[in-house]
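Here's the structure we're looking at; comments come further down.
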Amino acid sequence: MPAVAPSALDSTLLAQRLRELAGQERDVQVEFLLHLEVFDRRRAYVEAGYPSLWAYCLEVRKAEVDHLVASLQARTAPRAGVRKLPDRGSAASAPALPLATVHARPAEPQEAIPVPRAAAGGSPATVSAPLDPPRPKPRAETRAVSESDWSLRVTIDRGCKEDLETLTALLSHKIPDGDLAAVLREAIRCAIEKHGRRKGAVAPQRQRGTDREPRPSAESAAPTSTIPAIVRREVWKRDGGRCAWVAPDGRRCNSRWQLELDHIHPQALGGPSTVENLRVACKSHNLLHAEQTYGREHMTASVAWASPG
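Just so we're aligned: the sequence shown equals residues 415 to 723 in this note's numbering.
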């Protein structure tokens with residue numbers, strides 16, 4: 415019986431078939447790629463609750479790794495001195511590992527150190543500690559790699575890493591590829607402007623001078639659709655700064671990339687800019703909502719018309 419063409423499947427069956435094929439990728443790579451091409455062209459990953467095709471494929475791959483990790487943990491649990499493999503929650507932000515590199519590793523050697531008991535007259539207790547003391551953090555290193563470029567190597571703590579990830583997400587509209595060098599440059603530029611202006615070392619970029627172009631009067635200005643700042647903050651706080659789009663199967667997107675505010679009842683159809691009628695949505699799901707409301711052909715034409723050039 416001939417296989418069903420990918421284009422003949424609806425989005426739900428297409429996603430189901432992709433998951434089936436992912437486990438047999440080597441044997442059916444061509445068929446997998448044919449389905450993936452239609453899945454991408456149709457942007458069915460957005461309907462499934464993912465902000466991008468990359469996020470969807472990463473989730474499918476994680477399912478394979480999770481299954482392998484669970485199998486390895488079950489096999490090694492009875493053995494002494496075997497380090498427990500990390501669960502999915504602790505490695506949610508890490509890239510999927512190649513299956514050939516997943517392995518159990520013996521625990522580091524430890525020695526017993528006597529510790530006095532709190533109660534008077536008690537015998538000393540013991541705790542286990544690594545033989546090697548914690549190593550100091552390596553010093554930051556800046557190295558020239560060309561006449562105009564440098565390589566920066568620095569060790570940061572967890573809090574700094576999380577702040578850097580948050581900043582990268584906040585700048586995702588301005589820096590869509592998430593280039594770390596561009597993110598750091600923007601952070602440094604803003605810090606120089608802020609602290610330099612406070613100390614009088616630099617002039618503010620936006621000056622209140624007479625050379626500025628006059629602003630249009632209230633009578634000539636077009637009606638604005640500005641959402642009040644207090645409403646923006648409440649919606650952002652409620653949704654946790656993540657895309658709140660929920661797929662038909664109940665899966666929430668939760669992307670932090672290119673976030674926008676989406677009117678649940680569209681503003682063009684009379685929807686108010688209230689906390690109840692707004693949600694945080696990534697760019698992909700904001701567009702999907704518009705396509706569901708106005709039609710994909712209409713939105714495709716609108717985007718093409720609005721594009722520069």
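Positions of the beta carbon are idealized from the N, C-alpha and C atoms, including for glycine.
Nothing here was measured: the structure is a model prediction, and the numbers come from that model.
Rounded to the nearest angstrom, the gap between the Cα atoms of Ser-466 and Asp-591 is 13 Å. Within the DSSP bridge table, the entry for Cys-696 names Leu-673 as partners. For Thr-556, the enclosing beta strand (DSSP E) begins and ends at 555-558. Judged by DSSP secondary structure, Leu-566 falls within the beta strand (DSSP E) whose first and last residues are 564-567. Here Arg-665 carries a coil assignment [DSSP, helix/strand/coil].
DSSP places Val-689 outside both helix and strand once states are collapsed to three, so it counts as coil. With respect to Trp-659, His-699 sits close: the two C-beta atoms are nearer than 8 Å. In this structure, the beta-carbon distance from Tyr-470 to Ala-462 falls below 8 Å. Spatial neighbours of Glu-705 in its own chain (CB-CB distance under 6 Å, excluding positions within 5 residues in sequence) are listed in chain order as Met-713. Nearest to Ala-419 by alpha-carbon distance, out of Asp-563, Ala-436 and Glu-445, is Glu-445. Glu-690 and Ser-560 have their C-alpha atoms spaced approximately 53 Å apart. Pairing Val-452 with Cys-667, the inter-Cα distance amounts to about 21 Å.
Relative to Arg-652, the option among Glu-711, Asp-571, Thr-640 and Leu-675 whose CA is nearest is Leu-675. Taking a C-beta distance under 8 Å as the contact criterion, Leu-432 and His-449 qualify as a contact pair. If you draw a straight line from the Cα of Arg-693 to the Cα of Cys-604, it is about 29 Å long. Between the alpha carbons of Ser-421 and Arg-553 lies a gap of roughly 55 Å.
Just so you know, the alpha carbons of Leu-702 and Arg-665 end up roughly 16 Å apart.
Cβ atoms of Leu-585 and Glu-600 come within 8 Å of each other, at about 6 Å.
Here DSSP, grouped into helix, strand and coil, assigns Val-418 to coil.
The Cβ neighbour count for Ala-458, taken over all protein chains shown within 10 Å, is at least 16; the residue is labelled buried.
For Lys-697, the number of other beta carbons within 10 angstroms of its own is at least 16, and it is reported as buried. A check of alpha carbon separations from Lys-575 across Glu-607, Gln-681, Ile-602 and Leu-594 identifies Leu-594 as the nearest. Sorting Ala-429, Gln-443, Leu-673 and Asp-454 by C-alpha distance to the C-alpha of Val-474 places Ala-429 at the top.
Each of Ala-558, Pro-550 and Val-597 was checked against the Cα of Thr-569, and the nearest Cα belongs to Pro-550.
Put simply, of Leu-566, Gly-573, Arg-611 and His-609 the residue whose alpha carbon is nearest the alpha carbon of Leu-598 is Leu-566. Residue range 643-652 is occupied by the alpha helix (DSSP H) that includes Trp-650.
By alpha-carbon distance to Arg-710, the top candidate from Leu-435, Arg-455 and Gln-443 is Arg-455. In this structure, the CA atom of Val-649 is about 44 Å from the CA atom of Ser-562. Using a 10 angstroms sphere on the CB of Leu-447, the tally of other CB atoms stays under 16, which defines it as exposed. Counting C-beta atoms within 10 angstroms of its own C-beta, Leu-423 has 16 or more neighbours from the protein chains shown and is therefore classed as buried. Val-444 has no beta-bridge partner at all, per DSSP.
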